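Peer 1:
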Amino acid sequence: MKERREKILKLENVHKSFGSKHVHRGVNLELNQGETIGLLGGSGTGKSVLLREIIGLEFIDKGKIIFKGQDIQNLNEKELQKIRLEISYSFQSGALFDSVNVFENIAYPLFEHTKMSLNEIRSKVAEILEMVDLKGIEELMPSDLSGGMQKRVGMARAMIMRPEIILYDEPTAGLDPTNTKNVVDIMKKMTCLGYSSIFVTHDIPAALELCQRLIILNDGIVAFNDGPEEFKKSNDPIVLKYKQEVHYAGSEGEK
Ligand SMILES: Nc1ncnc2c1ncn2[C@@H]1O[C@H](COP(=O)(O)OP(=O)(O)OP(=O)(O)O)[C@@H](O)[C@H]1O
Ligand SMILES: [Mg+2]
């Protein structure tokens with residue numbers, strides 16, 4: 003069934019270097035419509051760079067990034083801005099604007115890119131805050147929020163334009179188990195609503211819970227690309243090395 007789903011995003015033979023550092027050496031990756039994939043890999047393997055390439059914040063040296071049949075490499079800045087409304091990036095840090103309240107943080111893209119009235123925007127923001135379980139906090143400033151709440155406000159902002167793809171860069175990093183669960187629950191809701199997403203994480207239990215497919219970036223290429231069950235069972239040395247790196251002991255001893 004999976005095979006018949008439309009491929010919304012496709013990376014073909016992507017190469018990227020910073021000076022002499024060859025970060026991507028031919029990355030191939032496909033994201034199906036409605037699918038959530040987990041993007042794993044050691045620190046510095048190029049996961050965040052890959053997400054930035056997908057929204058055109060980083061140019062690639064060779065290869066193709068195809069979103070809904072269109073190679074984004076050929077687009078100008080204005081066209082890329084349109085793509086960034088359809089592919090939303092939830093940053094590694096919450097990346098909120100410190101000087102304005104939660105409402106303005108979330109509403110910003112709506113003021114910027116739509117002709118919605120203030121009332122419409124207010125109800126849209128209220129709706130999205132309810133979705134991330136933060137009802138009624140419009141007037142609070144980012145400094146009033148806990149780290150976990152800031153992450154969720156950042157997620158709300160990433161969702162407000164109803165993008166087709168959401169890229170999550172380590173949304174649970176640095177969170178305690180309760181806040182991690184809150185964030186994972188929101189991502190689950192998004193998956194159930196049919197959004198496609200790429201979840202960059204070092205949190206294997208969260209990735210196994212959420213993702214239909216897991217990918218490991220290693221040495222500039224996709225070294226593993228299979229389902230959660232296959233990941234758990236795998237004896238591939240790259241998978242074993244990665245599990246060891248993140249201290250994942252599997253079912254006998256969850257982290
Ligand atoms: N703008 C840049 N200029 C030079 N080097 C960069 C730049 N951005 C990233 N790099 C390098 O590219 C490599 C990949 O970085 P990236 O941030 O994608 O790693 P990552 O897989 O996200 O790691 P982590 O899990 O620690 O977040 C690193 O060696 C990093 O130093
Ligand atoms: Mg990163």
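Read left to right, the sequence shown gives residues 3 to 257 (the numbering used here).
Each residue gets a CB set at the ideal place from its N, CA and C atoms; glycine is no exception.
Keep in mind it's a predicted model, so treat the numbers as computed, not measured.
Figure out for me which residue from K12, F99, D171, L77 has the closest Cα to the Cα of S45.
Peer 2: D171
Peer 1: For ligand 2, is there a heavy atom less than 8 Å away from the beta-carbon of D171?
Peer 2: yes
Peer 1: Using only the alpha-carbon positions, how far apart do T38 and K137 sit?
Peer 2: 26 Å
Peer 1: Give the range of the beta strand (DSSP E) segment to which N237 is assigned.
Peer 2: First-last for N237: undefined, no H or E at that position.
Peer 1: DSSP state of K245, grouped into three classes?
Peer 2: helix
Peer 1: If contacts are defined as beta-carbon pairs under 8 Å, then V134 and M157 qualify, I think. What distance do you get, rounded to the angstrom?
Peer 2: 6 Å
Peer 1: Output the distance between the C-alpha atoms of K4 and D146, rounded to the nearest integer angstrom.
Peer 2: In this prediction, K4 scores a pLDDT of 45, lower than 50, which makes its location untrustworthy; the coordinate-derived value is nonetheless stated afterwards. C-alpha separation (whole angstroms): 44 Å.
Peer 1: Is V51 near ligand 1, going by C-beta to nearest heavy atom under 8 Å?
Peer 2: yes
Peer 1: Pop quiz: G43 and K49 are said to be a contact at Cβ under 8 Å. What is the actual Cβ separation, rounded to whole angstroms?
Peer 2: 6 Å
Peer 1: By a C-beta neighbour count over all protein chains shown, 10 Å radius and 16 as the cutoff for buried, is A251 buried or exposed?
Peer 2: exposed
Peer 1: Apart from the five residues just before and just after M151, which ones in its own chain have a Cβ nearer than 7 Å to its Cβ?
Peer 2: L136
Peer 1: What residue ranges within the stretch 127–202 form continuous beta strand (DSSP E) runs of no fewer than 3 residues, ordered along the chain?
Peer 2: 167–171, 198–202
Peer 1: Using alpha carbons as the reference points, say which of D187, A208, D205, C213 lies closest to Y199.
Peer 2: The amino acid occupying residue 199 in the given sequence is Ser; Tyr does not appear at that position. It is C213 whose Cα lies nearest to the Cα of S199.
Peer 1: According to the Cβ coordinates, are I223 and M192 closer than 9 Å?
Peer 2: no
Peer 1: Quick check on the burial criterion: 16 or more other C-beta atoms within 10 angstroms. Buried or exposed for T182?
Peer 2: T182 comes out buried.
Peer 1: Report the three-state DSSP secondary structure of L13 (helix, strand or coil).
Peer 2: strand
Peer 1: With DSSP collapsed to three states, give me the class of A251.
Peer 2: coil
Peer 1: The alpha helix (DSSP H) spanning K117 covers which residue range?
Peer 2: Premise fails: K117 is in no alpha helix (DSSP H) and is neither H nor E.
Peer 1: Quick check: E140 and V104, are their CB atoms within less than 9 Å of each other?
Peer 2: yes
Peer 1: Taking 8 Å as the cut-off, is the beta-carbon of V134 closer than that to any non-hydrogen atom of ligand 2?
Peer 2: no
Peer 1: Between the C-alpha atoms of F247 and I206, what's the straight-line distance to the nearest angstrom?
Peer 2: Residue identity check: residue 247 is Glu in the sequence provided, not Phe. Between E247 and I206, the alpha-carbon positions lie close to 11 Å from each other.
Peer 1: In the DSSP assignment, what are the bridge partners of G40?
Peer 2: F201, L216
Peer 1: Nearest CA to the CA of E129: which residue from T116, H115, R159?
Peer 2: Check the Cα spacing between E129 and each of T116, H115, R159: the tightest is with R159.
Peer 1: In chain order, what residues of the same chain lie with their CB nearer than 7 Å to the CB of D238, ignoring the 5 residues before and after it?
Peer 2: F226
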